[in-house]
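Numbering (the working numbering), first residue to last: 44 to 490.
Here is the structure we will look at.
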């Protein structure tokens, strides 16, 4: 009965949201892991929790007009999905990237419900963004876009309603421009309306590093529970943005050797170990590409096909770039090269078939909603500091982050064992995240 109920709801969701393949994928992955929960607790079927959870409480799409440096008016599309507020105000990043559409925003927002629940912090799930591409744009163009974007977004957010943050294409610069425009619109200083802010106006120490550091803290916990550690391991990290750089840095600090990373144009392989400061310098340049790395480190190799990064033999793979970057073929290559563990630093970077390939071959697998929850966890800590008008030290924030990631691992592994999926962290994370939100929804009535 439970399995049929879940399948019926899934079919209804896909029919209601045609063509939204990324959203369908995220829903399928979570739904499948919940069968034993619904079998044990029929109340979730009676309350129709899954259909309610898979339908956003609110989703807005809006026009974003802005003027480029040549004086031409450009138009982009903005989004904000407010998926679930049962556990707290909507919380989730803003992504500025040409691929952004309704399906991408909804998959990210749906995942965010469970990720935020896992942190143990009082935050609900949401997500937003635009198909605007910051690459190649001047600071003035980015500022004008962000101001126009916030002119509409400001109607829907607030410290106790919806608190956006950054994501791909949105860093402290973009957050600063949006915060400034929100402050002007509101006529007051509401520090808690955005997270990922600069330290000068309410940001938190440790927020920049949080997703990358949290990824590695989770992996170290998982490896420790399986009798090993990062010490002496060879690591491949996809991407070279904020998450990737700090994941590489923390992995290196814990004794691993990171040998490869990538960007949208290709990847670098340095068998002696990636020189992380060089990667950071290159990526901080206006249009810096990793291909420049080999000019400074001639022994390194550069390959224009970024997806081939998973052909490099490694002990630990950390996909930290974007969704579905590891397909079944890449997963099989990693398995053939005897990868020991995979940790998803990005959102849904492995396809469903890739995940099955890892799990069926005994590879330790850390799912995104658990592994990369460190960023939103520290965003919640930033909200707490804003509410109390206090600022914590880096060491305080980092300690809290380590404890949160350890708790996420423990809760996920315990949930997996309780519901007959021992060792399956993907199922355990889904179940642990689901239970808290589902129970809160039932307690609050049919709303």
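For each residue, glycine too, the CB sits at the ideal point set by N, CA and C.
The structure displayed is predicted, hence computed values, not measured ones.
Is residue i helix, strand or coil when you go by DSSP?
| i | result |
| --- | --- |
| residue 248 | coil |
| residue 347 | coil |
| residue 161 | helix |
| residue 514 | Nothing can be reported for residue 514: it is not among the residues displayed for the chain, which extend from 44 to 490. |
| residue 366 | coil |
| residue 289 | helix |
| residue 206 | strand |
| residue 303 | strand |
| residue 76 | helix |
| residue 171 | strand |
| residue 53 | helix |
| residue 440 | helix |
| residue 385 | strand |
| residue 488 | coil |
| residue 183 | helix |
| residue 455 | helix |
| residue 393 | strand |
| residue 310 | strand |
| residue 463 | coil |
| residue 471 | helix |
| residue 201 | strand |
Please classify residue i as buried or exposed, where buried requires at least 16 other C-beta atoms within 10 Å of its C-beta.
| i | result |
| --- | --- |
| residue 104 | exposed |
| residue 412 | buried |
| residue 86 | exposed |
| residue 123 | buried |
| residue 490 | exposed |
| residue 314 | exposed |
| residue 59 | exposed |
| residue 61 | exposed |
| residue 467 | buried |
Rounded to the nearest angstrom, how far is the Cβ of residue i from that of residue j, given a contact under 8 Å?
| i | j | result |
| --- | --- | --- |
| residue 79 | residue 131 | Not quite, the Cβ-Cβ distance comes to about 27 Å (not below 8 Å), so this is no contact. |
| residue 167 | residue 203 | Wrong, their Cβ atoms sit about 11 Å apart, outside the cutoff. |
| residue 278 | residue 407 | With 8 Å as the limit, residue 278 and residue 407 do not qualify as a contact, their Cβ atoms being about 14 Å apart. |
| residue 288 | residue 319 | 7 Å |
| residue 419 | residue 134 | 6 Å |
| residue 401 | residue 157 | Wrong, their Cβ atoms sit about 20 Å apart, outside the cutoff. |
| residue 262 | residue 384 | 6 Å |
| residue 498 | residue 162 | Only positions 44 to 490 of the chain appear in this structure, which leaves residue 498 out of reach. |
Which value, in whole angstroms, describes the spacing of the CA atoms of residue i and residue j?
| i | j | result |
| --- | --- | --- |
| residue 464 | residue 395 | 17 Å |
| residue 83 | residue 77 | 10 Å |
| residue 212 | residue 483 | 33 Å |
| residue 255 | residue 98 | 30 Å |
| residue 250 | residue 415 | 13 Å |
| residue 235 | residue 341 | 46 Å |
| residue 491 | residue 283 | For residue 491 there is no data in the structure shown, the boundaries of the chain being 44 and 490. |
| residue 49 | residue 171 | 27 Å |
| residue 153 | residue 367 | 16 Å |
| residue 358 | residue 470 | 23 Å |
| residue 178 | residue 88 | 46 Å |
| residue 100 | residue 337 | 49 Å |
| residue 457 | residue 451 | 10 Å |
| residue 185 | residue 344 | 34 Å |
| residue 228 | residue 197 | 8 Å |
Contact criterion: CB-CB distance below 8 Å. Does residue i meet it with respect to chain B?
| i | result |
| --- | --- |
| residue 457 | The chain labelled as chain B is not found in the depicted structure, where only one protein chain is given. |
What are the uninterrupted segments assigned as beta strand (DSSP E) that are 3 or more residues long and contained completely in the region 219-283, given in chain order? 277-280
- Message: Threshold first: 4 residues or longer. Then list the alpha helix (DSSP H) segments lying entirely within the region 83-169, N to C.
- Response: 86-89, 92-97, 145-161
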